[in-house]
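S.K.:
Residue numbers (this note's numbering), protein chains in the order written: chain A, 19 to 363; chain B, 19 to 363; chain C, 19 to 363; chain D, 19 to 363.
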């Protein structure tokens with residue numbers, strides 16, 4: 019059994035890790051920390067876990083995370099970088115669900131996240147946890163930077179096109195929509211029910227932190243200079259993410275070839291579902307599951323290709339992806355404990 | 019023109035007052051205070067008011083509310099009692115949307131609201147602002163205590179039955195449901211979209227502050243001892259309140275007589291709509307309007323009578339009712355500025 | 019492996035059976051019928067099942083259900099009674115999720131459902147599928163009548179009180195609230211998003227088909243005459259059911275005794291969670307899981323006891339409960355394949 | 019008083035016309051037709067109108083629409099073209115909220131709407147009812163084709179940029195999102211609450227009927243060939259539309275110049291609100307009102323300009339816009355009866 023610790027168990031990615039790991043056949047939940055909720059049984063905060071998770075939150079000071087085999091950080095950025103070096107030294111593997119190790123360029127990280135990076139020496143070592151494109155590196159990693167939710171959809175959607183050199187890398191437009199849980203479990207007016215229900219808006223158009231992460235990753239797929247316009251929007255739903263990705267075709271290619279390209283690319287990726295050409299994937303078809311589904315469109319058979327990508331932002335976009343990485347790091351089947359079927363309706 | 023001041027314009031009852039008063043033909047909005055947002059144009063916080071309300075928030079210290087003809091307090095309890103005495107002295111009328119003057123018994127108020135009452139001498143004078151049952155007192159009042167949202171539905175629903183002595187006053191069960199806006203515009207986890215959407219629960223079953231207010235008012239309608247079980251629930255909708263009121267019939271009465279009783283009672287009340295016997299009023303039929311709709315049921319023609327009552331908790335349950343009181347206090351038609359039709363769908 | 023057939027796989031209870039059975043370790047999905055969708059791959063209608071359910075719908079005429087070990091009817095009432103006799107004769111067990119076998123009294127059934135009962139001889143044999151109160155009968159049954167969703171909550175909530183003779187059986191008030199999926203997957207205006215979102219209403223107050231089922235079952239628990247007022251309401255959420263059950267205490271009993279009564283009653287029922295006295299169970303704590311959670315309240319320590327009961331109407335209220343019955347009928351652990359943790363948030 | 023008739027009063031644009039016209043100071047509601055609901059009081063179907071609209075639906079055969087001054091068609095396409103010629107002959111003005119007269123090219127209409135156009139002679143005469151760009155023609159018109167909801171946002175958003183020749187007309191990408199009421203009040207599974215709540219998806223990507231309408235109108239603004247990719251999505255909210263419009267700048271222009279261009283263009287249009295550069299308009303800021311709000315963005319000060327446009331699809335996107343046209347046709351102030359403030363929250 020893999021002994022698992024979770025730092026920051028009171029947020030949405032934390033409780034989602036608990037939901038997934040509580041039924042994972044190879045995992046023993048060992049410690050869940052929360053400075054604020056020290057001593058509180060986890061199931062008192064999340065009644066959905068009554069009878070299933072018997073741990074209590076413990077203060078980070080008391081929890082001996084060094085006894086764990088792996089520690090997940092379901093925390094705001096800045097926490098993992100403070101604790102990871104010591105844990106790694108103690109032989110504990112680390113998976114960070116925040117941004118601390120996603121961006122290799124220290125200066126870029128510090129510009130966007132407004133804090134100093136305290137262990138830049140680990141940036142190079144950290145594996146980027148997008149299994150579909152980086153499986154081998156994750157298998158051998160001690161430290162994994164779990165991708166952001168939006169970047170996951172943009173990378174998996176644009177990768178085959180960029181790699182094949184079929185679209186203008188300098189003219190990518192990603193119009194993305196997220197459910198409200200992406201904002202986290204924080205007391206804020208903007209994400210109150212009365213503010214975000216029955217409403218739709220864009221946000222952060224001038225600059226979202228997922229832009230530098232995505233641009234840097236997309237740049238790896240092509241020799242051309244990547245230019246990305248990324249527009250996030252807030253959808254009045256709890257879970258779910260839908261990215262509408264536009265690319266300008268620069269080569270002559272048939273729809274069949276486009277479809278075959280994607281099917282071939284993801285044929286060994288159990289969590290990527292390439293739907294028939296012209297499908298309209300729905301976010302709910304992934305609700306609560308680790309599946310990401312995508313479909314291709316080409317309006318009027320013109321020179322614009324559209325990739326529609328959906329996922330559950332808390333599963334494939336966060337905690338499920340992190341468990342997927344853990345499976346790879348410990349030599350398990352990639353799908354172990356991640357076979358939940360989406361809740362529909 | 020009536021010069022109107024609003025203390026506490028940043029909450030939901032405040033912005034609702036602004037929506038209603040900005041189109042009120044006899045009102046001139048004069049001052050809106052907010053300590054925190056001093057100087058901010060109101061329409062910057064609430065873009066729905068762009069081009070319609072040109073005032074800026076002003077600090078309570080700077081705003082000269084004594085120049086107003088009437089001041090609404092759209093504040094948490096405790097604020098109105100601190101400022102009302104001075105305003106009244108200056109000849110300004112006061113309408114408090116909070117609880118400061120709702121409960122005549124100082125000790126009961128202090129027990130439930132956990133603060134000292136600083137001007138108990140005004141408690142007796144304050145008119146209870148339920149126009150349908152207290153119209154004359156409101157007309158002559160300097161100080162009005164606007165009723166709570168739940169109490170409005172319970173009083174208008176039970177009044178005809180209690181007054182006619184038809185039900186057991188000691189066995190009232192009010193199963194009430196409110197939209198989330200009733201919780202106010204406060205940064206809290208419990209009313210986040212991700213917490214309260216796609217969810218339903220009871221809350222405050224052990225004791226809600228609207229219980230003593232309601233019990234005291236209901237007691238005025240009958241010589242028998244009132245016993246009220248009040249169970250509030252939270253509905254995943256922004257606006258709307260639905261009260262399901264149960265009464266045990268103690269006299270022989272036909273359904274036609276019951277219906278006639280209600281129709282007669284409210285025939286001169288423009289904001290109470292007695293629907294046909296056996297109807298199922300929907301909250302959305304009152305969304306954005308000052309109407310309260312109700313309908314009677316009697317399962318199996320037995321000895322239980324059910325009154326279904328719906329209203330928009332922010333309008334008839336709060337700001338609309340307050341404007342209705344203002345109209346009466348200033349000798350206007352009760353319906354002036356309150357003729358908005360509910361938004362459906 | 020148990021060979022399972024599903025009649026009527028295109029509704030919400032059908033797709034929910036598929037979600038549960040596709041991961042059930044002892045089940046082999048063998049046939050899913052739909053007259054209208056003959057030949058259509060199930061996953062084309064429900065993309066959440068892509069890669070997980072590879073069957074296609076087959077016309078009832080072609081499907082050989084007699085090869086199954088058990089057949090679930092996820093159909094409107096009237097269908098199971100037409101096909102059950104032949105299936106039983108062929109040695110196939112039958113679980114009906116509709117009402118055909120729930121009401122023992124043929125005349126009562128026909129009055130409420132407006133159709134003739136074509137196999138009344140099976141009414142007596144049919145086991146009522148509420149495992150918590152009828153486990154042994156289900157274990158030995160060939161034919162199970164899966165309870166209605168509302169009746170499940172009312173029975174499990176009232177049973178301990180009625181059995182112990184603590185409340186007035188003639189004065190039960192059940193104020194119940196259901197998510198919209200309870201209305202099924204039918205093209206109707208009333209349950210359109212634009213009609214039922216941001217709205218709340220009661221419905222069927224004059225008489226709901228779950229009343230006779232519930233009354234008859236409750237009557238088994240007590241020698242006193244049961245009098246039940248049941249008021250269903252529609253909540254703008256997909257899944258979830260919340261019943262607020264009122265009882266009038268007729269004996270002197272402490273809150274501790276009430277709590278102990280419920281804990282003792284359900285200590286061996288893995289899907290009933292008796293929460294601490296005074297808790298407010300949320301429907302989302304059961305979303306997607308087979309758990310039913312309940313909590314007791316006693317306002318002002320008076321003579322009214324309130325039982326708050328929540329469940330997922332499609333799982334414990336329908337398909338999960340049916341699988342629970344199947345487990346018992348085939349000698350499996352009651353919880354097999356039903357250990358999904360609720361999706362929160 | 020203008021005598022108004024409404025053909026097809028049972029859909030969402032019909033009831034919205036009633037909500038607006040019932041409080042319009044210059045209108046007398048004269049007839050509302052519905053073949054199916056002949057004789058039913060309008061307020062029985064829409065309780066929000068109880069006490070406000072006292073008409074009953076009448077069969078089209080009985081209603082004498084020729085006595086009206088103007089008739090609105092709130093019907094599916096095909097109805098207005100059948101009745102308009104006769105009404106016009108009788109001196110009645112006609113405003114069609116459907117598509118019958120939106121597309122000047124008969125062949126294009128017939129290709130997209132799959133029906134013959136029965137009065138092509140009126141196509142040229144019909145004024146396109148987008149007041150902001152076509153005010154004079156509407157003022158003099160007998161017959162107005164009210165624009166589609168999506169096309170309204172796309173035209174008002176792209177017009178200043180195309181007219182000024184600032185963007186590549188051949189590379190327009192409009193990523194649009196609509197609330198569910200846009201699908202109308204029709205019994206369909208796809209727009210059930212349980213299907214479209216807590217979900218997000220694109221639809222009609224391969225070809226939506228608003229594409230030819232929009233392309234033809236946009237073409238009027240520029241000599242260059244228009245190329246438009248239009249991707250509609252369905253948002254789980256009742257009302258509201260958000261269009262995210264992308265344009266590729268082809269000239270050197272500052273953000274201040276862009277902002278000034280829009281402010282100048284719409285300075286005399288009371289229903290278009292040009293928000294400060296970089297704002298994020300929310301759909302709810304227009305809920306129930308005839309306002310359309312827009313804001314400009316320019317990521318990284320690069321060569322992509324984004325116009326964010328929001329409106330209430332049933333008001334500015336349909337019925338409010340139609341009343342705006344009526345006002346112009348009858349020489350009234352454009353804003354008469356259309357001063358409702360958006361409902362927020």
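Every residue, glycine too, gets a C-beta built ideally from N, C-alpha and C. Every value quoted in this text rests on a predicted model; they were computed, and no experiment measured them.
Just to confirm, is the Cβ distance from residue 267 (chain C) to residue 133 (chain C) under 7 Å?
M.R.: Not closer than 7 Å, so no.
S.K.: Kindly indicate the opening and closing residues of the alpha helix (DSSP H) around residue 342 (chain B).
M.R.: Counting along the chain, the alpha helix (DSSP H) containing residue 342 (chain B) begins and ends at 338-347.
S.K.: For residue 115 (chain C), does the three-state DSSP call read helix, strand or coil?
M.R.: Residue state, collapsed to three classes: coil.
S.K.: What runs of the alpha helix (DSSP H), each 4 residues or longer, lie entirely inside the segment 212-270 of chain A?
M.R.: Listed in chain order, they are 228-237.
S.K.: Looking at the unbroken beta strand (DSSP E) that takes in residue 324 (chain B), where does it start and where does it end?
M.R.: 322-329 is the extent of the beta strand (DSSP E) around residue 324 (chain B).
S.K.: Comparing alpha-carbon positions, which option in C:339, C:178 and C:202 lies nearest residue 93 (chain C)?
M.R.: The option with the nearest alpha carbon to residue 93 (chain C) is C:202.
S.K.: With 16 as the cutoff for other CB atoms within 10 Å, does residue 19 (chain C) come out buried or exposed?
M.R.: That one is exposed.
S.K.: Since residue 311 (chain A) and residue 291 (chain A) should fall inside the 8 Å C-beta cutoff, what is the C-beta to C-beta distance between them, to a whole number of angstroms?
M.R.: Right, the Cβ-Cβ distance comes to about 4 Å (below 8 Å), so this counts as a contact.
S.K.: Whose CA, out of C:75, C:65 and C:110, lies closest to the CA of residue 85 (chain C)?
M.R.: The residue with the shortest Cα to Cα distance from residue 85 (chain C) is C:110.
S.K.: Cβ of residue 218 (chain C) less than 7 Å from any chain D Cβ?
M.R.: No, residue 218 (chain C) lies away from the interface with chain D (no Cβ there is under 7 Å from its Cβ).
S.K.: Going by DSSP in three states, residue 65 (chain B) sits in which element: helix, strand or coil?
M.R.: Residue state, collapsed to three classes: helix.
S.K.: Compute the Euclidean distance between the alpha carbons of residue 175 (chain C) and residue 251 (chain C), then round it to the nearest angstrom.
M.R.: Computed Cα separation, rounded: 18 Å.
S.K.: Please determine if the segment 273-293 of chain A and the segment 165-182 of chain A are in contact, where contact requires at least 3 C-beta pairs separated by less than 8 Å.
M.R.: In short, these stretches touch, since the Cβ pair count reaches three.
S.K.: In the DSSP assignment, find the beta strand (DSSP E) that holds residue 194 (chain D) and state where it starts and stops.
M.R.: Segment 190-197, the beta strand (DSSP E) holding residue 194 (chain D).
S.K.: If you follow the beta strand (DSSP E) that residue 89 (chain B) is part of, which residue opens it and which one closes it?
M.R.: Here the beta strand (DSSP E) through residue 89 (chain B) covers 88-91.
S.K.: Counting only Cβ-Cβ distances shorter than 7 Å, please list the residues of the segment 315-340 of chain A near chain D, keeping chain order.
M.R.: Residues 315, 317, 322, 324 and 326.
S.K.: Where does the unbroken alpha helix (DSSP H) through residue 97 (chain B) begin, and where does it stop?
M.R.: 97-107 is the span of the alpha helix (DSSP H), which, as asked, contains residue 97 (chain B).
S.K.: Whose CA, out of C:190, C:274 and C:230, lies closest to the CA of residue 124 (chain C)?
M.R.: Nearest C-alpha to residue 124 (chain C): C:230.
S.K.: Given a threshold of 16 other Cβ atoms within 10 Å of its Cβ, counted over all protein chains shown, does residue 6 (chain B) qualify as buried or as exposed?
M.R.: In this structure chain B extends from 19 to 363, so residue 6 (chain B) is not present and cannot be described.
S.K.: What in chain B is Cβ-close to residue 113 (chain D), meaning under 9 Å?
M.R.: None at all; the shortest Cβ gap to chain B is about 21 Å.
S.K.: Excluding five sequence neighbours on each side, which residues of the same chain lie with their C-beta closer than 8 Å to the C-beta of residue 223 (chain D)?
M.R.: Counting only Cβ-Cβ distances below 8 Å, and skipping sequence neighbours, we find 249 and 250.
S.K.: Can you tell me which of the three DSSP states residue 277 (chain A) falls into?
M.R.: In this structure, residue 277 (chain A) counts as helix in the three-state DSSP scheme.
S.K.: For residue 359 (chain D), name the three-state secondary structure that DSSP assigns.
M.R.: In the structure shown, residue 359 (chain D) sits in coil (DSSP, three-state: anything other than H, G, I, E or B).
S.K.: For residue 235 (chain A), does the count of other Cβ atoms within 10 angstroms reach 16, so buried, or fall short, so exposed?
M.R.: Buried, by the Cβ-count rule.
S.K.: Strictly below 8 Å CB to CB, what residues from chain D border residue 186 (chain A)?
M.R.: Within 8 Å Cβ-Cβ: nothing; residue 186 (chain A) doesn't reach chain D, min ~11 Å.
S.K.: Measure the C-alpha to C-alpha separation of residue 97 (chain C) and residue 75 (chain C) and round it to an integer number of angstroms.
M.R.: Taking the straight line joining both Cα atoms gives about 17 Å.
S.K.: Measure the alpha-carbon distance for residue 244 (chain A) versus residue 22 (chain B) and round it to whole angstroms.
M.R.: Distance between the alpha carbons of residue 244 (chain A) and residue 22 (chain B): 57 Å.
S.K.: Using a Cβ cut-off of 7 Å, which residues of the segment 196-221 of chain D contact any Cβ in chain C, in chain order?
M.R.: Under the 7 Å Cβ criterion, the segment 196-221 of chain D contributes 198, 199, 203, 205, 206, 207, 209, 210, 211, 212, 214, 215 and 216.
S.K.: Assign residue 118 (chain B) to buried or exposed, taking buried as 16 or more other Cβ atoms, counted over all protein chains shown, within 10 Å of its Cβ.
M.R.: Buried: at least 16 other Cβ atoms inside 10 Å.
S.K.: So residue 136 (chain D) packs on residue 100 (chain D), CB below 8 Å; how close in whole Å?
M.R.: Confirmed, Cβ separation roughly 6 Å.
S.K.: Among D:161, D:47, D:69 and D:37, whose alpha-carbon lies nearest the alpha-carbon of residue 309 (chain B)?
M.R.: Ranking the options by Cα distance to residue 309 (chain B), first place goes to D:69.
S.K.: With a Cβ-Cβ cutoff of 7 Å, do residue 303 (chain D) and residue 65 (chain B) count as a contact?
M.R.: Yes, the pair counts as a contact, with Cβ atoms nearer than the cut-off.
S.K.: So residue 232 (chain B) and residue 169 (chain B) are in contact, right, with Cβ under 8 Å, and what is the actual spacing, rounded?
M.R.: Contact flag correct, Cβ pair sits at about 4 Å.
S.K.: Closer than 7 Å by beta-carbon distance: list the chain D residues that pair up with residue 64 (chain B), in chain order.
M.R.: Within 7 Å Cβ-Cβ: 362.
S.K.: So, with DSSP's three-state summary, where would you put residue 290 (chain D)?
M.R.: The answer is strand: DSSP assigns residue 290 (chain D) an E or B state.
S.K.: Keeping to the same chain, check which residues put their C-beta closer than 6 Å to that of residue 228 (chain A); ignore five residues upstream and five downstream.
M.R.: Closer than 6 Å at the Cβ level, and outside the excluded window around residue 228 (chain A), lie 166, 168 and 169.
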